[in-house]
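In what follows, a structure is listed as structure tokens, so that the remarks can point back to it.
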Amino acid sequence: MVAPRNTAYAEESAEVEVLYANLEKLKVLTKKIQGSLVRLETGGNVVKHAIGPIYSNTQSLQITNNNIDKVNDAIDRLRQPLDAKSREEGIIRSGPQNVELSQYLAAIKRVEKALVDLNSTNLRSNQKAISDFNSLLSTGTVRLQDLLRSKLSGDVSPIEPLHYLTKELPFPSIPEATVTELGPICAAINSAAIHGPQHGDGGNPALKIYAAVRAPYITSSLQNLAIASLNTVKRRADDGPYRQGTNGIGIYSNALENFIYAEHDIISRIFTGDQRGLALQATCQSAMAEYSKTLRELNQYIKANLMTDCFLAFEIIEIVTAMSYRVDSKTGELKSMFIEALRPIRETAKSSLSELLEETKRKAASIQVLPPDGGSVPLVNEVMSSLVTLTAYSGPLASILTSLGDGNWRSNSNASGTAPLDVSPDSSTLLSHFILDMIEALMIALESRGRAFHRTKAVQGVFLSNTFCNVDRAIRSNAELARYLGSPDSIARIDTFRKRATSTYLDSWKETSQYLLDVQYTSRGAGASTRPTSGGIVDSSAIVKSLSSKDKDAIKDKFKAFNASFDDLVSRHKALYMEREVRGVLSREVQTVLEPLYARFWDRYHEIDKGREYPLISLSASIIKYHVMIAPPDLTHNVTDKRSPAKSGHRKQNFRRSRTHSTPKPPSISLLAFQFLVEVLQFHFGRMSASNDVYQTPLNSRYASDEMKYLFSPRNRFSTWRKLWLWLAESEKELGLSISDEAIEQMKAHLTIQDEEFKVAAEEEKRRRHDVMAHVHAYGQVAPAAAGIIHWGATSCYCTDNADLIFLRDGLDILIPKLAVVIDKLSAFAQQYKDLPCLGFTHGQPAQLVTVGKRACLWIQDLLMDLRNLERARDDLRFRGVKGTTGTQASFLQIFDGDHSKVEQLDELVTQKAGFESAFIISSQTYSRKIDVDVGNALGSFGSTCERIGIDIRHLAMLKEVEEPFEKDQIGSSAMAYKRNPMRSERLCSLGRHLQNLPKDALDTYSAQWFERSLDDSAIRRISIPELYLSADACLILLNNVTSGFVVYPEVIKRRVNDELPFMATENVIMACVKKGLSRQDAHEEIRVLSHQAADNVKKHGKDNDLLERIRRTAFFNPILGELDTLLDPSTFVGRAPQQVEKFTSTEVKKALEPYAAAVAKAETSTLSV
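If you use UniProt numbering, the sequence shown corresponds to residues 1 to 1170, in order.
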């Protein structure tokens, strides 16, 4: 054990010895290293002392080097502008036309920057360079300004604003590409102005150039409208008050507003910030100055014709005020300009109110003669028409009346400062107060004139009642006027005049009514102690018995005096004119006064003449007695068969027998007697025949326009005959026949046939059985100097046929412009909806898609054919002229002693006076009835178009895709309140059907004529020709009304398209599958199966068309699923429909409507009377 331990110890001792030996070596090495370090440190100190100066010099060199770099940089920066000059000068002097615009603008920008850099150095040595750069920048800016002028000048050719307004097209703008270039150009010019040599001169040169170029374009484009506004203000003295919308200022203002919007849109894309407003003001300043000038000139005319044209001032205020707010809302500019332009008009409008009052009083006071029959005067209708017109301007009047203050219009000062400072009535109340003041001024003035002119109370009362009736009728017939005068206070103030008129009239009956008053005899005879009863049943026999013979004679005298006075009044009333309402009111008032008096008097004293059949009672009372005698004892208020002569004797006998036993019931008998008295009174007052008792054609009472009804009216027909007689006489006189100037003047003075002359003609025709000769005699009575030469050499057809040709011509002149207006409205509708896809139908089944606008073009195309037909028929019309009895002119050849040239001259002269270019060379007694066929066929063809369009609209309404206008209070069905029946289109079909059947009359009449003439054409043409025109006119009114208010339902149309589109798109789906590499036949089979399944789903189960969903769920179609929506875009199924609409309306339609531009511009929406 000891031996191993010693061995281990020996080894460890040996290792320790080795370690000690290494340690000693380490110590020796450490000493050497320390010695080396000491030597190294010593050497380092020596080096440090040696290189110190060198280090310091190096730092100085580094600083110097940095300074040199900075100097070089500065030199480089100074050289950059100079380098830029040489680099950019070539580009700038080449001009923007010869280099890319972007390159040119960049060069300008760099020169500008260089100039800014040079100026920032403030070095005197750079002044030459700065001057060169300024010159270069000026050159570049001038070139840019020239470019700006050039680009702006390309779009400043004056336009016709009416074209864009009537077509509802946006006003022309500068092309988008040009606007894109103008923005940077203007920005560069503006920037150069800020930093260039002219900086501080004020203003933006680009803005000034823009305004200088664009302003004349706007002003010149509006010039014609400014002139039209001034021309349309000039009217004849007898035209009456200004009618709203007849002056061109509305169109002028609309055009100006659209120009402003167009310029604002351009300016907003060219300029920035505040420059936009300044540019718009500068551009529109010239146009606004012309507009202001036009308003000032209109104001001068209005001031000179204030009574009739103040309404134009109100209209201008309304137009300009509304426009200024719209323009300010959209642009934020120009409002102050509009307000300043409007100031003179506004002042005139304010002064017009007091002038209207004063002028009404002056006109009433200046009336020299009133109608002797108590009729009203034209001034009443004139004033009420003015008030009706006034209510249409409630907007502008609101501010004017408010500024004046309540009642201040009664003085000419119109001082707004006199208005009370507290809360005043609202504008509506103020307007009602002004209207009341006008009516009161009129009524008071006429009341004064009536009392001064009319001698009797009866005529005074009738005159005032008629006047009030016309006032009241005007109020009731106008909803706005009725609304303003509907307050209890207004009604009471107006009703005061009715009461005064009635009271005045009743004063005329006081004398008559006094005869029915008697003295109550209470102290005579046997009955002296008994006072006669004043109520209940009166015993006439007892009262009469109590009277002395003197008293009885007095009562009889009262009966006679009453009857005489009554008959005298009735006789005088025959000469009085009463409005229908006045007759009813006054007769009731008379009844209220006389009935109780008459009933009491008759009840008390009817026995006074017993047995003598009332010998002292006059005709009217005798008739009353007759009714009393035939009335049975139990007569009640419900009396029937009052005038049956067959039973009168029997009733008389029974009535007399009953009187011996009992007294008849006095109230019943007296009521019946007085009822007949009132009937007599009303009869003598002149109760008019009720028009409701006579058949009227609905074309006249319901459908046609006033102008067309007047064209075929008896007054116009027979007045035209008189013109023809005048033209004949004038021409004969010019060619040497002996006709006096007095004869011509008398004929001219009575060209328009008057009502009383109709009666003369009617009596003559009844006597002579010849309408032309009846009117020859009637004309001769009012023109006695011409009585012997009227109709000299002529035959009846000279009047009838020539007049009919005039009516055919004038009727077409009414219809053709109306048709053009309808075509224009449909054209605008077609353009608006040219892109809206809708379902087409063939055989009544869904077919390829069309567009709503394209379908409207089908109607337009047919109407254009009608327009051409009517124009041709109008152009082909010629005058019959003076041809004599069989067309040979033999009678005129005799008059002119065989002078053929004078006969031909006579024919030509009369033809020219009638407004025709030529007359038929050949005619029989009549013009060829082929003319009626020609015109009738053109109108009948138009009727078929109307029915066809009406049917389409009705079908569209049934589908709920497009509807005609439907008014707020309109009722579709009396039973089914929800219905919206297309009654306009139904009426259009009905009238169109009637119109297309009327030409058959003309065809039959033409073919049935004998040789030179037979009279079987007369009666039928009196009916059929007017009906042709009235029917066509009614159709055009309906078409205008319907096309002005079409209501389109795009969502309904879209839904119907989507229901059918999947079936239509199957061919496209198949083609897409083939393009993806699928089999065409396989795709066809898949589609066929799925289509039938979808169809069954729709037809058998009433569900939606799910073909698309079935396609999406079928794996076969996976390759085209991404294209499916594109394949089903409805716009891809309408072909060229939008392009066709655009081309059609801009070429054929536009050209056809050019002759009717004025009519289209003035067109309004037709209103239906029922």
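No residue lacks a Cβ here, since even glycine has one placed at the ideal position from N, Cα and C. Quick caveat: nothing in here was measured; it's all calculated off a predicted structure.
Residue i to residue j, Cα distance in whole Å?
{"i": "A1163", "j": "L1153", "result": "13 Å"}
{"i": "T391", "j": "L481", "result": "7 Å"}
{"i": "A542", "j": "A458", "result": "38 Å"}
{"i": "F942", "j": "D866", "result": "6 Å"}
{"i": "L506", "j": "D557", "result": "23 Å"}
{"i": "E581", "j": "N470", "result": "10 Å"}
{"i": "I367", "j": "R715", "result": "29 Å"}
{"i": "G374", "j": "R346", "result": "41 Å"}
{"i": "R15", "j": "S36", "result": "In the sequence on display, residue 15 carries Glu and not Arg. Roughly 32 Å between the two C-alpha positions."}
{"i": "S1024", "j": "L998", "result": "7 Å"}
{"i": "A561", "j": "L442", "result": "39 Å"}
{"i": "L819", "j": "V233", "result": "27 Å"}
{"i": "T1005", "j": "D801", "result": "15 Å"}
{"i": "residue 1178", "j": "K499", "result": "Missing from the structure shown is residue 1178; the chain here goes from 1 to 1170 and no further."}
{"i": "S487", "j": "E963", "result": "39 Å"}
{"i": "T64", "j": "T58", "result": "10 Å"}
{"i": "I209", "j": "E359", "result": "52 Å"}
If you drop the 5 nearest sequence neighbours on each side, which residues of the same chain put their C-beta closer than 7 Å to that of residue i?
{"i": "D1106", "result": "A1094, N1097"}
{"i": "E1012", "result": "T886, G887, S924, Q925"}
{"i": "A873", "result": "L812, D934, V935, A938"}
{"i": "P817", "result": "Y1156, A1159"}
{"i": "T219", "result": "S286, A287, E290"}
May I ask which residues mark the beginning and end of the alpha helix (DSSP H) holding residue i?
{"i": "G936", "result": "930 to 959"}
{"i": "N997", "result": "983 to 997"}
{"i": "P216", "result": "205 to 231"}
{"i": "V459", "result": "457 to 477"}
{"i": "W602", "result": "580 to 605"}
{"i": "H770", "result": "Note, H770: premise wrong, no alpha helix (DSSP H); not H, not E."}
{"i": "D1104", "result": "Looking at the DSSP string, D1104 is not in any alpha helix (DSSP H), and its letter there is neither H nor E."}
{"i": "P396", "result": "394 to 404"}
{"i": "K913", "result": "900 to 913"}
Around the Cβ of residue i, are there at least 16 other Cβ atoms within 10 angstroms (buried) or fewer (exposed)?
{"i": "Y695", "result": "exposed"}
{"i": "A704", "result": "buried"}
{"i": "Q520", "result": "In this predicted model, Q520 has a pLDDT of only 48, less than 50, meaning its place in the structure is not dependable enough to derive any value."}
{"i": "L61", "result": "exposed"}
{"i": "G793", "result": "buried"}
{"i": "I491", "result": "exposed"}
{"i": "residue 1172", "result": "Only positions 1 to 1170 of the chain appear in the structure, and residue 1172 is not among them; the question remains open."}
{"i": "V377", "result": "buried"}
{"i": "residue 1172", "result": "Any property of residue 1172 remains undetermined from this structure, which presents the chain solely from 1 to 1170."}
{"i": "E318", "result": "buried"}
{"i": "A1137", "result": "buried"}
{"i": "T512", "result": "buried"}
{"i": "L182", "result": "buried"}
{"i": "S1079", "result": "exposed"}
{"i": "T1132", "result": "exposed"}
{"i": "Q889", "result": "buried"}
Would you list the residues sitting across from residue i in a DSSP beta bridge?
{"i": "F841", "result": "P846"}
{"i": "V962", "result": "V1048"}
{"i": "T851", "result": "P837"}
{"i": "A919", "result": "F879"}
Can you name, in chain order, every residue of its own chain whose Cβ lies under 8 Å from the Cβ of residue i, other than the five neighbours on each side?
{"i": "V156", "result": "V213, R214, P216, Y217"}
{"i": "G154", "result": "T178"}
What does a CB cutoff of less than 6 Å around residue i pick up in its chain, not counting 5 residues either side in sequence?
{"i": "D824", "result": "L1153, V1160"}
{"i": "A786", "result": "A743, Q746, M747"}
{"i": "V852", "result": "Y833, L836, C838"}
Comparing the C-beta of residue i with each C-beta of chain B, is any distance below 8 Å?
{"i": "S490", "result": "Absent from the structure: chain B. Only one protein chain is present."}
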